[in-house]
Amino acid sequence: MTPKINFQKYLKIYPETSGLYPEKLKDIGKRYHQKGYLSKDELYQLAHLNSTRSSYHVHRNPVGRVEKITEIAYKIDDEFAQVILFNSLKGVGTPTASAILTSLNDKEHCVIDTRVWATLYRMGYFDKEKEQFNPDDYLAIMKIVRELAQEEGMTTAEIGYALFAYDVVHREGNLH
1 MTPKINFQKY
11 LKIYPETSGL
21 YPEKLKDIGK
31 RYHQKGYLSK
41 DELYQLAHLN
51 STRSSYHVHR
61 NPVGRVEKIT
71 EIAYKIDDEF
81 AQVILFNSLK
91 GVGTPTASAI
101 LTSLNDKEHC
111 VIDTRVWATL
121 YRMGYFDKEK
131 EQFNPDDYLA
141 IMKIVRELAQ
151 EEGMTTAEIG
161 YALFAYDVVH
171 REGNLH
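Each residue of the sequence shown is one higher than the last, beginning at 1 in the numbering used here.
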């Protein structure tokens, strides 16, 4: 049976989880909007909010690459292309790319990860569980989350945070 989720309830629970801090993400997004690119340090801060395990790889990008790639991605109006560009940077996988997009527009994007996918899987949207994501997975998740956001009168980011919290509360066993 597909669970019916009270998204408002789980959004309120989200701050008690180990999820990233939405206000810090918004602050980084504001800086990104002001300049049109992220510095390597800003990308590291954002990546660290999203994935402490892989964020240190951001420092391995050559001088100027983070600024150039994030500037190009900022100017493109195609989220698939943006995710591909962000993924080309060391230390940035699709979940971190989703956090970058969410920092820019939390009404249209959400942070994706294993927990978000797992909840959508429990809801019957996907056939199998998954731990790694590619740009097509991001688009599939966003299609669902945007529909849920419209139905619930919430932003896509809020739906994403609620999906994350739902998995925290209901997961049995280890995450990975």
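Cβ atoms here follow ideal geometry from the backbone N, Cα and C, with glycine treated the same way. Predicted model, so just to flag it, every value in this text is computed and none were measured.
Residue i, enclosing alpha helix (DSSP H) - first and last residue
| i | result |
| --- | --- |
| His33 | 22-35 |
| Leu11 | 7-13 |
| Phe133 | Segment: none, Phe133 is in no alpha helix (DSSP H) and carries neither H nor E. |
| Ile100 | 94-104 |
| Gly160 | 156-170 |
| Phe126 | Looking at the DSSP string, Phe126 is not in any alpha helix (DSSP H), and its letter there is neither H nor E. |
| Lys40 | 40-50 |
| Asn61 | Taken as a continuous stretch (DSSP letters only), Asn61 belongs to no alpha helix (DSSP H), as it is neither H nor E. |
| Leu85 | 79-87 |
Burial state of residue i (16 or more Cβ within 10 Å)
| i | result |
| --- | --- |
| Arg115 | buried |
| Leu139 | exposed |
| His33 | exposed |
| Lys128 | exposed |
| His109 | buried |
| Glu42 | buried |
| Thr52 | exposed |
CA-to-CA distance, residue j to residue i, given in whole angstroms
| i | j | result |
| --- | --- | --- |
| Pro62 | Leu89 | 10 angstroms |
| Val168 | Tyr10 | 10 angstroms |
| Gly153 | Gly160 | 13 angstroms |
| Glu67 | Gln82 | 14 angstroms |
| Glu158 | Leu25 | 13 angstroms |
| Gly93 | Ser54 | 9 angstroms |
| Asp27 | Glu151 | 28 angstroms |
| His57 | Gln45 | 12 angstroms |
| Asp136 | Glu147 | 17 angstroms |
| Ile69 | Arg122 | 36 angstroms |
| Met1 | Asn87 | Because the pLDDT of Met1 is 44, which lies under 50, any placement of that residue in the model is unreliable, and the question is left without a value. |
| Arg171 | Ala165 | 10 angstroms |
| Ser18 | Asp78 | 30 angstroms |
Top-ranked residue by Cα proximity to residue i, from the options
| i | options | result |
| --- | --- | --- |
| Lys143 | Trp117, Lys128, Phe86 | Trp117 |
| Pro22 | His170, Phe86, Ala99 | Ala99 |
| Gly36 | Lys130, Tyr14, Ser103 | Ser103 |
| Arg65 | Lys107, Lys40, Tyr14 | Lys40 |
| Lys75 | Leu101, Pro95, Gly91 | Leu101 |
| Ile141 | Gly91, Phe80, Ser51 | Phe80 |
| Ile112 | Ile13, Pro15, Leu20, Asn6 | Leu20 |
| Pro95 | Asn134, Asn105, Ala73, Gly124 | Asn134 |
| Asn187 | Lys130, Phe126, Gln132, Thr119 | Any question about residue 187 goes unanswered here, given that the chain covers just 1 to 176. |
| Glu71 | Leu49, Leu38, Glu131, Phe126 | Leu38 |
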